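Asker:
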Ligand code: M6R
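Residue numbers (the working numbering): 90 to 668.
1) Based on Cα-Cα distance, which residue from 340, 337 and 420 lies nearest to residue 375?
2) If you draw a straight line from the alpha carbon of residue 508 to that of residue 625, how long is it in whole angstroms?
3) Return the residue from the list 175, 593 and 283 that minimises the CA-CA distance to residue 211.
4) Using 8 Å for Cβ pairs, my map puts residue 368 next to residue 410. What's the rounded Cβ distance?
5) Can you determine whether any heavy atom of the ligand M6R sits closer than 6 Å to the C-beta of residue 374, and answer yes or no?
6) Consider the C-beta atom of residue 424 and the heavy atoms of the ligand M6R; say whether any pair is separated by less than 6 Å.
7) Using DSSP with H/G/I as helix, E/B as strand and the rest coil, what is residue 419?
8) Rounded to whole angstroms, what's the CA-CA distance from residue 250 to residue 224? Just pull it up for me.
9) Use the C-beta contact count for residue 263: other C-beta atoms within 10 angstroms, 16 or more gives buried, fewer gives exposed.
10) Below 6 Å, is the gap between the Cβ of residue 420 and the nearest heavy atom of the ligand M6R?
11) Can residue 298 be considered in contact with the ligand M6R, in the sense that its beta carbon sits closer than 6 Å to one or more heavy atoms?
12) Which runs of the beta strand (DSSP E) fall wholly inside the segment 373-400 and span at least 3 residues, in chain order?
13) Below 8 Å on the Cβ atoms is my contact criterion, and I expect residue 638 with residue 603 to pass it. Report the Cβ-Cβ distance as a whole number of Å.
14) What residue does the alpha helix (DSSP H) around residue 535 start on, and which one ends it?
15) Between the alpha carbons of residue 494 and residue 386, how many angstroms are there, rounded?
16) In terms of alpha-carbon separation, which member of 285, 294 and 341 lies closest to residue 318?
17) Can you tell which of 475, 194, 127 and 105 has the C-alpha that lies nearest to the C-alpha of residue 157?
18) If you follow the alpha helix (DSSP H) that residue 361 is part of, which residue opens it and which one closes it?
19) Could you pull out every unbroken beta strand (DSSP E) segment of at least 3 residues lying fully inside the segment 123-149, listed in chain order?
20) Nearest by alpha-carbon distance to residue 169: which of 200, 190 and 132 is it?
21) Which runs of the beta strand (DSSP E) fall wholly inside the segment 180-253 and span at least 3 residues, in chain order?
22) What alpha helix (DSSP H) runs, 4 residues minimum, are completely inside the segment 406-488?
23) Starting from the Cα of residue 634, find the closest Cα among 458, 505, 295 and 658 and give me that residue.
24) Taking residue 298 as part of the beta strand (DSSP E), name the residues at either end of that continuous run.
25) Under 8 Å by Cβ, that's how I've got residue 470 and residue 656 pegged, so tell me the actual separation to the nearest angstrom.
26) With DSSP collapsed to three states, give me the class of residue 96.
27) Flag residue 306 as yes if its beta-carbon sits less than 7 Å from any beta-carbon of chain D, otherwise no.
28) Nearer than 6 Å: is that true of the beta carbon of residue 472 relative to any heavy atom of the ligand M6R?
29) Would you mind sorting residue 349 into buried or exposed? The rule is 16 or more other CB atoms within 10 Å of its CB.
30) Comparing C-alpha positions only, which one of 117, 107, 98 and 103 sits nearest to residue 91?
31) Return helix, strand or coil for residue 647, following the three-state DSSP convention.
32) Which residue marks the beginning of the beta strand (DSSP E) containing residue 275, and which one marks its end?
33) Heavy atom of the ligand M6R less than 6 Å from the Cβ of residue 405, yes or no?
34) Go through its chain and collect everything with a Cβ distance to residue 268's Cβ below 6 Å, but skip five positions before and after it.
35) Taking the alpha-carbon positions, what's the residue 578 to residue 540 distance?
36) Count the other CB atoms within 10 Å of the CB of residue 460; is the residue buried (16 or more) or exposed (fewer)?
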């Protein structure tokens with residue numbers, strides 16, 4: 090995820106764009122850059138953070154500017170991969186947020202036509218396509234270019250010969266700010282709030298041309314009008330995109346996050362190494378470990394391949410066998426325990442792969458292969474969208490190693506995840522917030538879902554919660570059940586449903602209230618549970634995602650109801666770099 094900003098107006102564009110990038114930094118902080126259009130286009134771009142930018146290093150006058158702050162996905166974070174990207178003539182500059190899925194073939198084609206590329210990014214192809222189609226009208230060139238792009242994009246383009254900015258949006262956020270003699274375009278409203286509160290949220294397919302006082306919005310070849318809205322957010326709240334907490338904002342990003350993480354093309358080389366490995370082992374900590382456990386169940390079910398999953402801090406007590414394929418999963422890519430096992434495995438002669446959210450992080454430098462979750466920066470200490478992204482990456486791998494039934498059935502999953510965000514968890518929150526202890530139970534892949542649900546709840550509410558395999562409660566923990574110990578049962582339409590229902594009956598007869606997550610219209614479950622949360626209808630195995638999203642919301646809302654410091658729970662840190 091990246092942040093972009095464009096400005097056309099009566100002020101000097103440079104300070105407006107730089108100030109805007111500082112507000113967008115939470116969206117990515119690998120590198121930054123901007124282009125200011127005066128008599129010529131002047132570009133500055135650099136690895137590192139905009140907050141470290143020294144204004145004396147660059148000055149350019151002009152009333153048009155575009156800027157970018159980057160969360161690297163294609164190409165490591167360095168100066169050359171920073172945006173803006175230019176065409177061969179240096180007359181066209183673009184910034185881009187999103188992922189161009191078909192960039193490799195477009196790049197090959199453009200190179201064969203003589204275009205010279207200077208970065209490893211997917212985004213640079215946009216500048217060269219604009220060069221190819223530019224015949225004196227930037228709006229037409231952008232319109233033509235978007236016809237060739239598959240994937241997600243919010244683009245801002247400048248051309249030295251024109252005094253306007255042209256923008257395009259498809260599946261990546263882009264909002265306009267309408268000021269007095271000035272117009273802004275940005276990934277969110279934070280950079281424009283100090284200048285105007287009148288905004289227009291663009292829609293997919295919109296292509297916009299604007300200067301300081303005129304605005305034209307086109308969609309599917311026709312001019313369209315979009316309603317403006319007045320925003321009354323204060324600047325601090327808007328840094329969280331209008332959400333009270335980063336955690337909630339990050340949960341709300343999950344529909345896009347799943348899509349971005351799931352749809353990638355795994356390299357044949359490591360896929361065949363996994364296939365031929367003597368043993369596949371996943372290592373990770375906390376939430377990442379839980380994602381690994383889900384992978385194990387899915388690999389067994391869809392690909393018929395056994396997978397070993399170890400908590401990283403324990404894995405170092407087992408000797409990695411040469412011939413094993415070790416997958417280290419870590420949102421931050423910096424977790425010391427995970428890194429230690431990876432190094433150990435590497436020196437034992439295993440093949441290793443990192444699954445992480447952070448390009449250039451330590452585990453990517455150690456591992457033989459890296460897979461990126463592309464979830465964008467996660468700021469809240471509680472992992473939410475990164476868990477969804479990890480599961481998505483693992484699901485894609487399972488798909489590649491089996492008969493691809495998941496990718497076929499997941500085409501509409503984006504909408505299903507959106508529906509989860511609307512699910513009412515109030516009754517469950519009332520039950521949880523008064524409890525001192527809770528159990529979360531599930532079977533099969535829903536056992537790690539329940540482990541993760543319990544981790545989330547305990548981490549941010551400080552209520553003691555345990556995830557347990559549903560069939561195992563009777564082997565000891567039953568003695569803890571009473572009317573003050575609610576049990577959250579994850580019981581979707583799955584092979585395990587009948588056994589789950591008898592486990593719930595056993596629990597009920599020991600006096601514990603039950604909150605059950607199950608298929609909408611599951612009358613049995615609705616009848617026996619004290620609180621029933623219907624899961625939106627999902628494709629096979631999609632309930633792993635829907636139930637996880639809803640348990641995250643349950644934890645979040647319970648923590649809010651208890652007045653907890655949701656984004657920064659006590660005693661914790663986002664990245665644990667000590668063993
Ligand atoms: O960055 P990592 O994924 O390696 O972090 C591992 C754990 O520290 C992390 O998942 C932790 O459990 C989360 N804060 C839980 O929400």
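Using N, Cα and C, we set each Cβ at its ideal position, and we do this for glycine too. These numbers were taken from a predicted model, which means no experiment stands behind them.
Answerer: Once the coordinates are examined:
1) Here the question's residue 375 lines up with position 286 in the chain shown. 420 is the residue among 340, 337 and 420 whose C-alpha sits nearest the C-alpha of residue 375.
2) Residue numbering aside, residue 508 sits at position 419 when the chain shown is read from its first letter. Residue numbering aside, residue 625 sits at position 536 when the chain shown is read from its first letter. Rounded to whole angstroms, residue 508 to residue 625 spans 7 Å at the Cα level.
3) Within the chain shown, numbered from 1, the residue matching residue 211 stands at position 122. For the residues 175, 593 and 283, the minimum Cα distance to residue 211 belongs to 175.
4) Working through the chain shown from its first residue, we reach residue 368 at position 279. Working through the chain shown from its first residue, we reach residue 410 at position 321. So it is a contact: roughly 6 Å between Cβ atoms.
5) Position 285 of the chain shown, counted from the first residue, corresponds to residue 374. True, at least one ligand heavy atom lies under 6 Å from that Cβ.
6) For the purposes of this step, residue 424 is identified with residue 335 of the chain shown, where counting begins at 1. At least one heavy atom of the ligand M6R is nearer than 6 Å to the Cβ of residue 424, so yes.
7) As a position in the chain shown, residue 419 is number 330, starting the count at 1. Of the three classes helix, strand and coil, the one that applies to residue 419 here is strand, per DSSP.
8) Within the chain shown, residue 250 is the residue found at index 161, counting from 1. Within the chain shown, residue 224 is the residue found at index 135, counting from 1. Going from the Cα of residue 250 to the Cα of residue 224 covers about 11 Å.
9) What you label residue 263 is simply residue 174 of the chain shown in a count that begins at 1. So residue 263 ends up on the buried side.
10) As a working note, residue 420 is residue 331 in the chain shown. Checking the Cβ of residue 420 against the ligand M6R gives yes.
11) Translated into positions along the chain shown, residue 298 becomes position 209. Flag unset: Cβ of residue 298 not near the ligand M6R.
12) 397-400
13) Here residue 638 corresponds to residue number 549 of the chain shown, with the count starting at 1. Here residue 603 corresponds to residue number 514 of the chain shown, with the count starting at 1. Their Cβ separation, rounded to whole angstroms, is 20 Å, which puts residue 638 and residue 603 out of contact at 8 Å.
14) Residue 535 sits at position 446 when you count from the first residue of the chain shown. Per DSSP, residue 535 belongs to the alpha helix (DSSP H) from 535-550.
15) Counting from 1 along the chain shown, the entry for residue 494 is found at position 405. Counting from 1 along the chain shown, the entry for residue 386 is found at position 297. If I take the Cα positions, the gap works out to 15 Å.
16) Sequence index remark: in the chain shown, residue 318 carries index 229 (1-based). Scanning 285, 294 and 341 for the CA closest to the CA of residue 318 turns up 285.
17) For the purposes of this step, residue 157 is taken as the residue at position 68 of the chain shown. Out of 475, 194, 127 and 105, 105 has the C-alpha closest to the C-alpha of residue 157.
18) As a first step, residue 361 is located in the chain shown; it is residue number 272 there, counting from the start. Start and end: 357-365.
19) 130-136
20) The count along the chain shown starts at 1 and reaches residue 169 at position 80. Ranked by Cα distance from residue 169, the first of 200, 190 and 132 is 132.
21) For secondary structure counted as the beta strand (DSSP E) over 3 or more consecutive residues, the segment 180-253 holds these complete runs in sequence order: 181-189 and 240-248.
22) Entirely contained in the segment 406-488, the alpha helix (DSSP H) runs reaching 4 residues are, in chain order, 425-436 and 451-455.
23) Along the chain shown, read from residue 1 onward, the residue named residue 634 stands at position 545. If we check each option's Cα against that of residue 634, 505 comes out closest.
24) Within the chain shown, numbered from 1, the residue matching residue 298 stands at position 209. Membership of residue 298 in the beta strand (DSSP E) is indicated by the continuous run 295-299.
25) Here the question's residue 470 lines up with position 381 in the chain shown. Here the question's residue 656 lines up with position 567 in the chain shown. Sure, about 6 Å apart at Cβ, within 8 Å.
26) What you label residue 96 is simply residue 7 of the chain shown in a count that begins at 1. The answer is strand: DSSP assigns residue 96 an E or B state.
27) Annotation note: the requested chain D is absent from the structure, which comprises a single protein chain.
28) Here residue 472 is taken as the residue at index 383 of the chain shown, counted from 1. Within the chosen limit of 6 Å, the ligand M6R reaches the beta carbon of residue 472 through at least one heavy atom.
29) Position 260 of the chain shown, counted from the first residue, corresponds to residue 349. Its Cβ being crowded by 16 or more others within 10 Å, residue 349 is buried.
30) Your numbering for residue 91 matches position 2 in the chain shown. Comparing Cα-Cα distances from residue 91 to each of 117, 107, 98 and 103, the minimum goes to 117.
31) Taking the chain shown and counting its residues from 1, one reaches residue 647 at position 558. Looking at residue 647 - three-state DSSP - the assignment turns out to be helix.
32) Within the chain shown, numbered from 1, the residue matching residue 275 stands at position 186. Taken as a continuous stretch (DSSP letters only), the beta strand (DSSP E) holding residue 275 covers 271-275.
33) Here residue 405 corresponds to residue number 316 of the chain shown, with the count starting at 1. No; taking the cut-off as 6 Å, the Cβ of residue 405 has no heavy atom of the ligand M6R nearer than that.
34) Counting from 1 along the chain shown, the entry for residue 268 is found at position 179. Cβ within range, chain order: 284 and 285.
35) The residue you call residue 578 lines up with position 489 of the chain shown. The residue you call residue 540 lines up with position 451 of the chain shown. So the alpha carbons of these two residues sit roughly 11 Å apart.
36) In the chain shown, the residue the question calls residue 460 occupies position 371. That one is buried.
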